[in-house]
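Peer 1:
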Amino acid sequence: MKPNLSLTSERIRKIIESKGLTLERFGDLIGDTPISSVNNWLRGVSLPNKNRLLTIANIGNTSVDWIKWGTLEEYIASYLIDSGYELYIKDFPEIPYKVFKDIQEKYSDTFSLDKDYELLNPIIKFTIGGVTLNRIKFYIDSSKKTIKQISTETGINYTTLTNYYRGERNPRNTETWNILADYFHVPVSYLMGLDETNVELKNLNIGNNIKNIRKSKNMTQTDFAELMGLSRSYIGDLENNRSNPSIKTLEAIARALDVPIVALINDSSTDNIVEPYESLTAENILLKQENEELKYEVESLRKRLYEIQQVVNQGAEKMIPNLKDVSKRIKYIRKKLGMTMEQFGSHLSNSPKSTIATWESGRNIPSQKKLQLIAIVGETTTDWIKWGTLEEYITSYLIGIGYELYIKDFPEIPHKVFKDIQEKYSDTFSLDKDYELLDSIIKNIFTKYYSKEFEVTQIP
């Protein structure tokens, strides 16, 4: 993270003015620094070097960290924004202060809170999680029940629930968040502190819709599972809302049931506008004919709402590479090297031609050890073989967590996210490998673009 030079210049100016110094005298006190350098600092053109910062701090009876960052609270705000919480801070400007107060209460005996701010980075990151958990504490307190009672009624371990209440731990999976949100009758996103609106975004009844439409087609769960190529237990999980299907799965279900996808993503708030079932009244038929554009907008809105809720609710599933794309990259490496399949296999622990052919046809993916050998032979990385460039990985990751429709509408977004990461993190991460280390950064940066484009407008 780099200091804001315009703010740094203001703090240096305050020191000069508070001591009643001329620029010449100030420069003399800092090892005969020329007035041109002092002017550059005051105009926000450059930052003094470390030794000069120490001298300036001594002159101003302050710390180097104050000159660079301001107060600890200001540093916390800058750190959280740089870590991807910019939109969150914009929505909840009180958060840096809350984090500061928590740190002040718990760590003032351990750390000097007026210098060496960067030592507090992991604590700031931990504390921001604790701040969002205040809503769990609030709802437990509001329930007028003991933690033990709630533990018994929800099935969440008493000690674990106590840790949530104290803000010492986050729930580690979506199932726990869902249990607590259902128990307190609030949206998951609101309970997590990601949303200020205590209104459930998703009241889409997807499981019930699948079940009702399946039954209307005179299909048993077993029949439907066979038609879909899925297990009956998974169909049961979908119909009982124990599992959140991806948009791709929903589209496949809609095709199998011969209904539009909006019939599955249906809520009660817009049924008078879009009737997804065949039993349409004359009035609804007329309305549908006259409002095809509105129908499309409503369907798109429902899909977007589902995308939002799905991302909030789902656990981080490990992405699976596209075998067809992997096969093309392996074939590209072999062809670039001018090798036959036999020659290529001889460089990969004598892998037989049939194995190479299997990889290049996209039927399976090499083991991790073989991927590493292919990367060495091809002078590339295993991540490139599996995912392509970082920008291609970003696209796959965003689609994998439920934003396929959004990326389809705004195909430039992965490139924007990539450019942001390249600017801010190229000194911290190697951007040609270990892509998965960037997952949380991708999600945080993407959020600001998603929020700019997605605005829920009231339907007249």
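Per our numbering, the very first residue in the sequence shown carries number 19; after that it's consecutive.
Using N, Cα and C, we set each Cβ at its ideal position, and we do this for glycine too.
Quick check: what's the CA-CA separation for Met237 versus Lys143?
Peer 2: Straight-line Cα distance between these residues: approximately 50 Å.
Peer 1: Round the Cβ separation of Pro189 and Tyr182 to the nearest angstrom and send it over; I've been treating them as touching at under 8 Å.
Peer 2: 7 Å
Peer 1: For Glu374 and Trp87, what's the separation of their Cα atoms in angstroms?
Peer 2: Residue identity differs from the one stated: residue 374 is Ile in this sequence, not Glu. Taking the straight line joining both Cα atoms gives about 56 Å.
Peer 1: Thinking C-beta only, is Ile48 closer than 8 Å to Ile74?
Peer 2: yes
Peer 1: What would DSSP say about Ser444, mapped onto helix, strand or coil?
Peer 2: coil
Peer 1: Output the distance between the C-alpha atoms of Ser379 and Leu389, rounded to the nearest integer angstrom.
Peer 2: 16 Å
Peer 1: Starting from Asp241, trace the alpha helix (DSSP H) in both directions and tell me its first and last residue.
Peer 2: 239-246
Peer 1: Under three-state DSSP, which class holds Asn76?
Peer 2: In the three-state reduction of the DSSP assignment, Asn76 falls in the helix class.
Peer 1: Taking Cβ to Cβ, would you say Ile165 is nearer than 8 Å to Thr180?
Peer 2: Yes, Cβ-Cβ distance for Ile165 and Thr180 is below 8 Å.
Peer 1: Classify Leu137 as buried or exposed, calling it buried when 16 or more other Cβ atoms lie within 10 Å of its own Cβ.
Peer 2: exposed
Peer 1: Reducing DSSP to helix, strand and coil, say where Lys451 ends up.
Peer 2: In this structure, DSSP gives Lys451 a state outside helix and strand, which the three-state scheme calls coil.
Peer 1: Determine contact between the region 355-375 and the region 391-399, defined as no fewer than three beta-carbon pairs at a distance below 8 Å.
Peer 2: yes
Peer 1: Going by beta carbon distance, what residues of the same chain come within less than 7 Å of Pro66, once the five residues before and after it are set aside?
Peer 2: Trp59, Ile74
Peer 1: Output the residue ranges of the alpha helix (DSSP H) runs that lie fully inside the region 330-369 and measure 4 residues or longer, sorted by chain position.
Peer 2: 341-354, 359-364
Peer 1: Could you say which of Phe202, Asn258, Asn340, Met246 lies nearest to Asn227 if we only look at CA atoms?
Peer 2: Taking only the C-alpha atoms, the option nearest Asn227 is Asn258.
Peer 1: Under a Cβ-count criterion, where at least 16 other Cβ atoms within 10 Å of its own Cβ denotes burial, should Ser126 be classed as buried or exposed?
Peer 2: exposed
Peer 1: Classify Asp120 as helix, strand or coil using the three-state DSSP reduction.
Peer 2: helix
Peer 1: By alpha-carbon positions, which one of Lys32, Glu193, Lys353, Lys155 ends up nearest to Gly396?
Peer 2: Of the listed residues, the one whose Cα sits closest to Gly396 is Lys353.
Peer 1: Between the Cα of Trp377 and the Cα atoms of Thr399, Leu355, Met357, Lys346, which residue gives the shortest distance?
Peer 2: Lys346
Peer 1: Rounded to whole angstroms, what's the CA-CA distance from Tyr252 to Ile271? Just pull it up for me.
Peer 2: 13 Å
Peer 1: In chain order, what are the residue ranges of uninterrupted beta strand (DSSP E) at least 3 long that sit wholly in the region 32-70?
Peer 2: none
Peer 1: At what residues does the alpha helix (DSSP H) containing Leu137 begin and finish?
Peer 2: Per DSSP, Leu137 belongs to no alpha helix (DSSP H) and is neither H nor E.
Peer 1: Here's the rule I'm using: 16 or more other beta-carbon atoms within 10 Å means buried, otherwise exposed. How should Ile174 be labelled?
Peer 2: buried
Peer 1: Does DSSP put Ile94 in a helix, in a strand, or in coil?
Peer 2: helix
Peer 1: Mapping the DSSP letters down to three states, classify Arg184 as helix, strand or coil.
Peer 2: helix
Peer 1: Indicate the three-state DSSP secondary structure (helix, strand or coil) for Lys235 in the structure shown.
Peer 2: coil
Peer 1: Given a cut-off of 8 Å, decide if Leu23 and Gly78 are closer than it, judged by their beta-carbon atoms.
Peer 2: Remark: C-beta atoms of Gly78 and Leu23 do not approach each other more closely than 8 Å.
Peer 1: Determine contact between the region 30-47 and the region 113-125, defined as no fewer than three beta-carbon pairs at a distance below 8 Å.
Peer 2: no
Peer 1: Give the straight-line distance between the Cα atoms of Pro140 and Leu131, rounded to the nearest whole angstrom.
Peer 2: 14 Å
Peer 1: Buried or exposed for Asp83, please, with buried defined as at least 16 other CB atoms from any protein chain shown within 10 angstroms of its CB.
Peer 2: buried
Peer 1: Excluding the 5 residues flanking Lys461 on each side, which residues of the same chain have their C-beta closer than 6 Å to its C-beta?
Peer 2: There are no such residues.
Peer 1: Compute the Euclidean distance between the alpha carbons of Leu71 and Lys434, then round it to the nearest angstrom.
Peer 2: 35 Å
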